[in-house]
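Peer 1: Per our numbering, the sequence shown starts with residue 96, numbered consecutively. The beta carbon of each residue, even a glycine, is placed where N, CA and C say it ideally should be. As the structure is a prediction and not an experimental result, all values here were calculated from the model.
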Amino acid sequence: MDRKVLKILLGVVAVVVVSTIVFANIKQIDDTETLTGGIEQTTTAPASSIATNSNPTEDSTENSEESEIVKKETIAQNVTSVDTVTASESESTEVQTTKRSESIENTNWWKPHPNTSWQWQLTGTLNQNYAVDMYDVDLFDNSKKAIRALQTKGIKVICYFSAGSYEDWRIDKGDFPNKVKGDTLEGWANERWLDISKIDLLAPIMESRLDLAVEKGCDGVEPDNVDGYLNDTGLALTYQDQLTYNKWLAGEAHKKGLAIGLKNDLEQIPELVDYFDFALNEQCFEYDECETLLPFIEQNKAVFGVEYELHTKKFCNEAIKLNFDWLKMEYDLDGGRISCR
Numbered sequence: 096m097d098r099k100v101l102k103i104l105l106g107v108v109a110v111v112v113v114s115t116i117v118f119a120n121i122k123q124i125d126d127t128e129t130l131t132g133g134i135e136q137t138t139t140a141p142a143s144s145i146a147t148n149s150n151p152t153e154d155s156t157e158n159s160e161e162s163e164i165v166k167k168e169t170i171a172q173n174v175t176s177v178d179t180v181t182a183s184e185s186e187s188t189e190v191q192t193t194k195r196s197e198s199i200e201n202t203n204w205w206k207p208h209p210n211t212s213w214q215w216q217l218t219g220t221l222n223q224n225y226a227v228d229m230y231d232v233d234l235f236d237n238s239k240k241a242i243r244a245l246q247t248k249g250i251k252v253i254c255y256f257s258a259g260s261y262e263d264w265r266i267d268k269g270d271f272p273n274k275v276k277g278d279t280l281e282g283w284a285n286e287r288w289l290d291i292s293k294i295d296l297l298a299p300i301m302e303s304r305l306d307l308a309v310e311k312g313c314d315g316v317e318p319d320n321v322d323g324y325l326n327d328t329g330l331a332l333t334y335q336d337q338l339t340y341n342k343w344l345a346g347e348a349h350k351k352g353l354a355i356g357l358k359n360d361l362e363q364i365p366e367l368v369d370y371f372d373f374a375l376n377e378q379c380f381e382y383d384e385c386e387t388l389l390p391f392i393e394q395n396k397a398v399f400g401v402e403y404e405l406h407t408k409k410f411c412n413e414a415i416k417l418n419f420d421w422l423k424m425e426y427d428l429d430g431g432r433i434s435c436r
């Protein structure tokens, strides 16, 4: 073959080969672009679809509502969490309150409610002829037999003793050390105030009196003179001294299965109403103090009382409205009485 012709043929082959390679590369590029375009379309298709089928305002509203729902659900979860904690704390508080209540109030003793008829006699021969629900009598001056005689009629018996004064005629007068004796009570020459801050010295004496009440069959007790801190005792008694002593008395009475009443001591009622089973007051109508006794009524606990000076027209109607059980009596409490209901 002629060299010239051979060169021409080789040139043609080279052109063909190069063309083939270029064409193959161009096709590969086109395929790649086609594939890439497909991916982009697949990626953007949902957005296109949403844009085509949704109103932008509605979409914004829906997103906003969904956001609000999420917020509300989050808030609800937080509130539920707080409620759960609060409920847990409430249950814990309730358990503690129940335990405290159980320690203060065991249901083994009598608890008088409002509209309990009663008689109060601390001097003279006991008149047992009143048809009432309750008698309040002197612990020392009445025998077990006399108390039992009342109880056989279905009458509950409360036994009176002084827890805040030394009385020089009582059989246990020798048990009181001189260091617990204060000034003489105004109007009562044979009585002296007790230093109720010295519970350690008074405890054995008062516990013995409570034991005597149990021995005689009393249903409860009425400890008198439990407001010494308000009087001129010569002992510098404080509010807290009295509060501590009165709570102690209530606790000791309950341990022995005795009901116990709070005598006067109006200022401490808010802190003592939970500890005492009833209240007994003198002359709250005369001194316009009766509203302070209402916490007992609110707990369905009886409020007993007397007026010495006022005519029954001055207090009976109001006593009945307040659901108090009130009497008109003489100062010596010898058995004579007029009942408001």
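For residue 381, which three-state DSSP category applies?
Peer 2: Here residue 381 sits in coil by DSSP.
Peer 1: Who are the near neighbours of residue 359 in its chain, counting only those whose CB is closer than 7 Å to its CB and skipping five residues on each side?
Peer 2: Result list for residue 359: 322, 376, 377, in chain order.
Peer 1: Let's see if you can read the secondary structure: which residues bound the alpha helix (DSSP H) around residue 424?
Peer 2: Element bounds for residue 424: n/a, residue is neither H nor E.
Peer 1: Taking the continuous alpha helix (DSSP H) assigned at residue 288, which residues delimit it?
Peer 2: Per DSSP, residue 288 belongs to no alpha helix (DSSP H); it is in the beta strand (DSSP E), 283 to 289.
Peer 1: Note down the Cα distance separating residue 166 from residue 399, rounded to an integer number of angstroms.
Peer 2: Low confidence applies here, because residue 166 scores a pLDDT of 38, under 50, leaving its location unreliable; read the following figure in that light. Each residue's Cα considered, the two are about 59 Å apart.
Peer 1: With 16 as the cutoff for other CB atoms within 10 Å, does residue 240 come out buried or exposed?
Peer 2: When all chains shown are included, residue 240 counts as exposed.
Peer 1: Starting from residue 294 and walking both ways along the alpha helix (DSSP H), at which residues does that stretch end?
Peer 2: Unbroken alpha helix (DSSP H) run through residue 294: 294 to 311.
Peer 1: First and last residue of the beta strand (DSSP E) that includes residue 318?
Peer 2: Unbroken beta strand (DSSP E) run through residue 318: 315 to 319.
Peer 1: Can you tell me whether residue 363 is buried or exposed? The criterion is at least 16 other CB atoms within 10 Å of its CB, across all chains shown.
Peer 2: By the neighbour-count rule (16 or more Cβ atoms within 10 Å), residue 363 is buried.
Peer 1: Under the assumption that residue 435 contacts residue 407 (Cβ atoms under 8 Å), give the Cβ distance between them as a whole number of angstroms.
Peer 2: 7 Å between Cβ atoms; contact.
Peer 1: With a Cβ-Cβ cutoff of 9 Å, do residue 238 and residue 320 count as a contact?
Peer 2: No. Outside cutoff.
Peer 1: Can you tell which of 341, 311, 289 has its C-alpha closest to the C-alpha of residue 271?
Peer 2: Taking only the C-alpha atoms, the option nearest residue 271 is 289.
Peer 1: Buried or exposed: which applies to residue 122, given that a residue is buried once 16 or more other Cβ atoms fall within 10 Å of its Cβ?
Peer 2: For residue 122, the predicted model reports a pLDDT of 44, less than 50, meaning its position is unreliable and no value from the coordinates is stated.
Peer 1: Could you check which residue in 277, 333, 315 has the C-alpha nearest to that of residue 348?
Peer 2: Of the candidates 277, 333, 315, the one whose C-alpha sits nearest the C-alpha of residue 348 is 315.
Peer 1: Exposed or buried, what is residue 207 when buried is set at 16 or more other beta-carbons lying within 10 Å of its beta-carbon?
Peer 2: Residue 207 is buried by the Cβ-count criterion.
Peer 1: Starting from residue 392 and walking both ways along the beta strand (DSSP E), at which residues does that stretch end?
Peer 2: First-last for residue 392: 389 to 393, but that is the alpha helix (DSSP H), not the beta strand (DSSP E).
Peer 1: Taking the alpha carbon of residue 228 as the reference point, which residue from 252, 402, 222 has its own alpha carbon closest?
Peer 2: Closest option to residue 228, Cα to Cα, is 252.
Peer 1: Assuming residue 213 is part of the beta strand (DSSP E), what are its boundary residues?
Peer 2: Looking at the DSSP string, the run of the beta strand (DSSP E) that includes residue 213 is 213 to 216.
Peer 1: Distance, Cα to Cα, residue 332 vs residue 394?
Peer 2: Each residue's Cα considered, the two are about 29 Å apart.
Peer 1: Roughly how many whole angstroms lie between the Cα atoms of residue 352 and residue 301?
Peer 2: Their backbone Cα atoms lie some 15 Å apart in a straight line.
Peer 1: With a threshold of 6 Å on Cβ separation, who are the neighbours of residue 230 within its own chain once the five nearest residues in sequence on each side are excluded?
Peer 2: Excluding positions up to five away in sequence, the list reads 214, 245, 250, 252.
Peer 1: For residue 429, name the three-state secondary structure that DSSP assigns.
Peer 2: Residue 429: coil per DSSP, three-state reduction.
Peer 1: Using CA atoms only, rank isn't needed, just tell me which of 212, 281, 383, 216 is closest to residue 329.
Peer 2: The candidate whose alpha carbon is nearest that of residue 329 is 281.
Peer 1: By the 10 Å Cβ neighbour count, where 16 or more other Cβ atoms means buried, how is residue 350 classified, buried or exposed?
Peer 2: Under this definition residue 350 is an exposed residue.
Peer 1: By how many angstroms is the C-alpha of residue 275 removed from the C-alpha of residue 431?
Peer 2: In a straight line, the C-alpha of residue 431 is about 35 Å away from that of residue 275.
Peer 1: From residue 189 to residue 293, what does the alpha carbon distance come to, in whole angstroms?
Peer 2: In this prediction, residue 189 scores a pLDDT of 43, lower than 50, which makes its location untrustworthy; the coordinate-derived value is nonetheless stated afterwards. So the two alpha carbons sit approximately 34 Å from each other.
Peer 1: DSSP on residue 244, reduced to helix/strand/coil?
Peer 2: Residue 244 falls in the helix class under three-state DSSP.
Peer 1: Measuring CB to CB, does residue 355 end up less than 9 Å from residue 372?
Peer 2: Going by C-beta atoms, residue 355 is nearer than 9 Å to residue 372.
Peer 1: Helix or strand or just coil, what does DSSP make of residue 445?
Peer 2: Residue coverage of the chain in this structure runs from 96 to 436, which leaves residue 445 outside it and unanswerable.
Peer 1: Rounded to whole angstroms, what's the CA-CA distance from residue 397 to residue 209? Just pull it up for me.
Peer 2: Approximately 4 Å, taken between the alpha carbons.
Peer 1: Would you report the Cα separation of residue 308 and residue 218, rounded to the nearest angstrom?
Peer 2: Distance between the alpha carbons of residue 308 and residue 218: 18 Å.
Peer 1: Across which residues does DSSP place residue 261 in a beta bridge pair?
Peer 2: Answer by DSSP bridge pairing, in chain order: 287.
Peer 1: Please report how far the alpha carbon of residue 429 lies from the alpha carbon of residue 220, in whole angstroms.
Peer 2: One C-alpha to the other measures close to 8 Å.
Peer 1: Taking the continuous beta strand (DSSP E) assigned at residue 360, which residues delimit it?
Peer 2: Here residue 360 belongs to no beta strand (DSSP E), and DSSP marks it neither H nor E.
Peer 1: In chain order, what residues of the same chain have a beta carbon less than 6 Å from the beta carbon of residue 403, not counting five sequence neighbours either side?
Peer 2: Taken in chain order, the residues that qualify are 426.
Peer 1: By DSSP, does residue 345 sit in helix, in strand, or in coil?
Peer 2: Here residue 345 sits in helix by DSSP.
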